[in-house]
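Read through the structure below, which is laid out as structure tokens, and then see the notes.
Numbering (the working numbering), first residue to last: 1272 to 2030.
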């Protein structure tokens, strides 16, 4: 339940495959930034990555290397909304203690692939010789062979194909309209009985006449899509209109790929960070060059999940490689934000399969002349290195990365003068020798690094007395033997470490994480467990040290027979700074007493899914979780969150399906020294029907939320495929919120019309 997020859903997630989370935003509100916070099951700290907002429905992706062998990923979203100084979250109620979850299914379910027997990838064939033949003999146990879909140039041609035993064959002469000369793509979707896409396989080929085949040289293959959207929304009688357009291009000429995309919207204004996006990229197996809005990937301590508008590229020569990016990471907004430029370079040695050693340098600086008035302008310099050592087909791997930073919190005054340095360390009495040395050291530091970063009283650090405060490093070990996947990690993040390319990294933490997962009964049963312990006060400059301890365990069962899958998990979080039972004696103890932290959180969850046939094909999912926090200090911020949900999808026939979703949320939350209940339940029913050989689809949904929050919603949408290249889509949503002591009654109306062209 959220004013800003209408829905969140994810497809089935599998080990070794990226997780994709679909987020439907309420774009009636000007959402400046959307951030995904995620962590593996059992970890205390979340990782953060910014998600580009280019339309109402956005996709957040978690790469497989981020969750490794974990079989549960927890996540929530942070939204920066214009006019709201504080970030809002989804879910709204205590998201860090009771986040959303995704169960990672074993990779063994996806080992099998579709085998293309004809045509060969990238081949040029005559129409008379063209026949499409696929082998389905290696489909996984979860796949439903008869639900396999085949597309040519994004056109569904499944109805023209024949499946005999484990062979799918398609003769182009049976397709109407016929296939033209030129480049074409085949896409095969392997689905389960619930029509969920398990995985896809693709192939490109070229169809030619005999004369053309004999005489034609290599030809450019390309794919273009364009979309325009008109959207109108009335939220609490506030009208908002949105006009958006996008163009995407992908092309290939031999080994050369050229890709580009443009997104424009009337939401892009000078007082906001960029909402428009553009990107063009050219790449070969050895060189990649790009210009526009990108999210360059570098070692996570230095740069990760940060949008950069500028140039980026790579040189990939096998043992010697180079990655670089340079551009703008913040646009000037008068009175608020300086234009910030960032450059990062990373040479590396090794292909990255079994060995790679990299060195990174990042420099970022606010442009003082970009705005007339504003906050303090800042500057940042980071250097680092990373290492990968892998053996035995990556079954055993060692990873390490480290970085050190220097940053200046206000560069407006420029560099120190000699007189300013002398005034900082005045000589007097017995400390004159020490102060003389400090003045000398600071002058030498200024002369040495002032050409690359501004040196004044706002520089961190000003001395090297506690050099560890500006250092961060991580080391990891993973071993995968005998169906046992063990991973251990140690981290140290200094309290003063800062990288403008990685703004979400938690600092002032050190500790370890050990996680193990055992696979039993041919990867049908998984036992997982782990421990993580982190501590702050890495600089020893606090009166107490807080320890964060997390214990976790779960059991997952993924049967290959017709039986429900099941995951049961438990997590215990203990936070303590050692002041439990502390009694203040002096006046100074009162501050220490108020900083007491002693709380224990216990969380249980269960998830189950079942695909079965009862009259019709059914897909059932059941989820339940409860989180209880016991705050054993005078703050008494105890919380209790319990949720239960049920979803049922029924496939009445190939073209018609219905969905039923029920959600119950019970919450006990602290407020001003007291507690209040915030409980609600939601029921949502939807249906979808396809006509005209799936060229025309209509869908609708109706639901209500009851309890401490009340809302009724209706939605309807349609999609029509015109001339096999044009999609026409319309969407209408009605949201009615009744009057309550804290809410004004309103009926919100949202509608949109989209035209999409694909070739």
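We put the beta carbon where it would ideally sit given N, CA and C, even for glycine.
Could you pull the DSSP bridge partners for residue 1947 from this structure? 1940
Consult DSSP for residue 1601 and reduce its assignment to one of helix, strand or coil. strand
Would you be able to state if there are at least three C-beta pairs under 8 Å between the stretch 1719–1739 and the stretch 1672–1683? yes
Got a sec, what are the start and stop residues for the beta strand (DSSP E) residue 1758 sits in? 1755–1764
State the start and end residues of the unbroken alpha helix (DSSP H) segment that holds residue 1498. Taken as a continuous stretch (DSSP letters only), residue 1498 belongs to no alpha helix (DSSP H), being part of the beta strand (DSSP E) at 1492–1506.
Proximity of residue 1659 and residue 1626 at Cβ, strictly below 8 Å: yes
Continuous beta strand (DSSP E) stretch holding residue 1650: start and end: 1650–1662
Limits of the unbroken beta strand (DSSP E) element including residue 1622: Segment: none, residue 1622 is in no beta strand (DSSP E) and carries neither H nor E.
Spatial neighbours of residue 1422 within its chain, please: CB distance less than 6 Å, with the 5 preceding and 5 following residues excluded, ordered by chain position. 1458
Can you tell me where the beta strand (DSSP E) holding residue 1788 begins and where it ends? 1780–1791
Tell me which same chain residues have a C-beta within less than 6 Å of the C-beta of residue 1808, skipping the five on either side of it? 1816
Extent of the continuous beta strand (DSSP E) run through residue 1694: Element bounds for residue 1694: not the beta strand (DSSP E) but the alpha helix (DSSP H), 1689–1695.
Any idea what DSSP makes of residue 1771, helix, strand or coil? coil
Anyone know if the C-beta pair for residue 1899 and residue 1936 falls short of 8 Å? no
Near residue 1505, what residues of its chain come up, given a Cβ to Cβ distance below 7 Å and the 5 sequence neighbours on each side ignored? 2019 and 2020
Checking 8 Å against the spacing of the C-beta atoms, do residue 2027 and residue 2008 come in under that value? no
Can you tell which of 1429, 1533, 1397 and 1438 has the C-alpha that lies nearest to the C-alpha of residue 1408? 1438
Where residue 1429 sits in the DSSP three-state scheme: helix
In DSSP terms, what residue 1587 is bridged to: 1592
Cα separation between residue 1984 and residue 2022? 13 Å
How many angstroms separate the CA atom of residue 1561 from the CA atom of residue 1492? 20 Å
Going by C-alpha to C-alpha distance, which of 1602, 2012 and 1429 sits closest to residue 1540? 1602
To the nearest angstrom, report how far apart residue 1565 and residue 1949 are at their CA atoms. 41 Å
Of the residues 1803, 1283, 1923 and 1618, which one's Cα is nearest the Cα of residue 1589? 1618
Less than 8 Å between C-beta atoms, sequence neighbours within five positions excluded: which residues of the same chain meet that for residue 1639? 1609, 1648, 1682 and 1683
Does DSSP put residue 1715 in a helix, in a strand, or in coil? helix
Rounded to a whole number of angstroms, what is the C-alpha to C-alpha distance between residue 1279 and residue 1986? 16 Å
Closer than 6 Å by C-beta to residue 1842: which residues in its own chain qualify, once you throw out the five before and the five after it? Chain order, please. 1823 and 1874
Given residue 1672 as reference, the closest of 1688, 1631 and 1711 once Cα atoms are compared: 1631
For residue 1428, which residues in the same chain have their Cβ closer than 8 Å to its Cβ, ignoring the five residues on either side in sequence? 1421, 1422, 1441 and 1446
If you draw a straight line from the alpha carbon of residue 1969 to that of residue 1295, how long is it in whole angstroms? 19 Å
Cα-Cα separation between residue 1955 and residue 1456, rounded to whole angstroms: 38 Å
Report buried or exposed for residue 1574, applying the criterion of at least 16 other Cβ atoms within 10 angstroms of its Cβ. buried
Under the assumption that residue 1725 contacts residue 1685 (Cβ atoms under 8 Å), give the Cβ distance between them as a whole number of angstroms. 7 Å
By the three-class DSSP mapping on this structure, what secondary structure does residue 1802 have? strand
Under the DSSP definition of a beta bridge, which residues are partnered with residue 1931? 1919 and 1956
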